[in-house]
Amino acid sequence: FQRSVREAVVSTQSTGEEVIDKENIEAKFEARSFNVILRKVGPKGLNYSLTIGNLNKDICPEECKVVPTKTGVRVDLFKVKNSMWSDLKQKKESEKKDEMPKMDKDADPSAGLMNLMKHMYESGDDDMKRQIAKSMYEAQNKQGSGEASALPDMGDMGAGFDDL
């Protein structure tokens, strides 16, 4: 993904060494999405599809185009308004507002820690969830064997250790 004030460019690479014929390229552009289909690519004649929706801003479908290159195709997306895009796709609301939970001065300190852990679990990726679940599992096993643990029960956080 390359960008300028006027356009965003998406490049793809094919496995073949020959330029894809224009008649084997089908493209559909809409205000916030596009779909490109490549037919009969390479020596095996494979078909490929690239669909990207929820673009960062509106594009001019009439001006957008797909250009075959030696290494694949280049998709030129022309923007309605001149601006720089930080990402090709628009971020979800949850990604934009990833705020930490508020700490209550009068609340139990372990409750604040639990809220923080829950927030990390809910907003984290699969590795983060796996790591938190593993830590909780190990902490609970220590409690069951009589060893001291500083982590209280986290309750239901949406997935069990077996779900990961």
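For what it's worth, the numbering used here labels the leading residue of the sequence shown as 4, then goes sequentially.
Note that the Cβ used here is the ideal one computed from N, Cα and C, for glycine as well.
These numbers were taken from a predicted model, which means no experiment stands behind them.
Ranking 61, 47 and 69 by CA distance to the CA of residue 40 puts 69 first. The beta carbon of residue 25 is closer than 8 Å to those of 71 in its chain, skipping five residues each way along the sequence. Out of 37, 52, 35 and 114, the CA that lies nearest to the CA of residue 43 is found in 52. Counting only the Cα atoms, residue 123 lies some 41 Å from residue 50. For residue 114, the enclosing alpha helix (DSSP H) stretches over residues 112–126. Residue 139 counts as buried, since at least 16 other C-beta atoms from the protein chains shown sit within 10 angstroms of its C-beta. If you look at residue 53, you'll find it in the beta strand (DSSP E) that goes 49–55. Membership of residue 71 in the beta strand (DSSP E) is indicated by the continuous run 68–72.
With a 10 Å radius around the Cβ and a threshold of 16 neighbouring Cβ atoms, residue 84 comes out exposed.
In this structure, the CA atom of residue 142 is about 34 Å from the CA atom of residue 95. Here the alpha carbons of residue 115 and residue 130 stand approximately 23 Å from one another.
Taking 9 Å as the cut-off, the beta carbon of residue 58 is found no closer than this to the beta carbon of residue 81.
Under the three-state reduction of DSSP, residue 34 is assigned to coil, being neither helix nor strand. Between residue 34 and residue 78, the C-beta gap is not smaller than 9 Å, which leaves the two residues out of contact.
Residue state for residue 60 is assigned as coil, using DSSP reduced to three classes.
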